Structures are given as structure tokens and as C-alpha cells.
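If you're matching positions, the sequence shown starts at 31 in this note's numbering and goes up one per residue. For every residue, glycine included, the Cβ atom is placed at its ideal position computed from N, Cα and C. Bear in mind that the values here come from a model prediction, so they are computed numbers and not experimental data.
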Amino acid sequence: LRRKGKLTREFYDEEDLLPNNSFTDLLNDDDVEKIPTLPKDFEKTMLRLSNEEGVLKLKPIYHGRLARRGIEPSDVNFMDTADGLYIYVGPTVSKKERNSVWKEADKYLESTKNPTRSIHYIKAGQKCYEMDEIWDDYN
């Protein structure tokens, strides 16, 4: 019986959870895929998208580690980790840099070994708890 697009609910008691019911029929005993481990040769990288010379350019800042002091509030900062690409857009970023963030992020990720990683976009003043864990300077 359909309820005009509304969800229907079914409740099971413990005796209903015996091997033969519609819930346990959906489960199987197949092996579970292992959680992928981080690549051993992956190196954290911090880059900065800047328009200093009138041309947008992605400049490397750190390789092998990430430090908070590398963030420049007047530029777009890329922090590349094995979990994803973190993009921090500073409070005084130019309009040209702000409008080019996604295009430059896609271009950068295409040049890496794993271009399908997630992108975390953080504007100045926003809180990102995952980003708190990427730093190597422990401040």
C-alpha cells in the first residue's frame, strides 16, 4: 500500500530476527572489502594560488608536511593530503582568485596519482574539524 510518497515502516521483534525474514534475507556472508590504506609514498603538500604577477599561478609552499604558518590570508591555500584536497579561501582573496578556485583545484587533482579525492572548501571564518587534524605543527 503506497502512502503518497511517504515512507512505510516495519518493526521486528527479537523472534522476528531469526534466519528467515525479509531483513536478514537482504544480508549475505560475503567478505567485506578492506578499508583502503593510505599510500606509503604519499607526501602532504601545501600550495598557494596567487595572482601577484597578474597571472594565476599555483606555487608550492611545503612538501612532506603542513604547517599553519604557511597559510596566506590574501591568497587561496591548497593543502593536499591523502584524505583529500583542503582549500582555504582567505578573507582578502581577490575576486579573480576566488572565481578560479574550482577550475584550479580540478586541474591540480588531475595532475596527481589519485584525481578522485574529495575537495574540502573552507572560507575564512568557517570551522572544519577535519582540517584541524591535517597539520604537522601541533598548534
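Cβ-based burial, residue i [other Cβ within 10 Å; buried from 16]
i	result
Y42	exposed
N58	exposed
D55	exposed
V123	buried
E127	buried
T146	exposed
F53	exposed
Under 7 Å between C-beta atoms of residue i and residue j
i	j	result
L88	L77	yes
Y118	I152	yes
D167	A112	no
H73	H93	Reading off the sequence shown, one finds Glu at residue 73, where the question assumed His. It is a contact, given that the beta carbons lie within the stated cut-off.
I91	G84	no
S148	G114	yes
Residue(s) in a DSSP beta bridge with residue i
i	result
R78	K89 and N107
Y138	Note: Y138 sits in no beta bridge, so no partner.
G114	S148
V119	V106 and K153
Sequence-distant residues of the same chain with beta carbon closer than 8 Å to residue i, five excluded per side
i	result
V131	L79, V106, I117, V119 and Y151
P121	P103, A154 and G155
Proximal residues to residue i (C-beta, below 6 Å), its chain only, five neighbours per side dropped
i	result
N129	none
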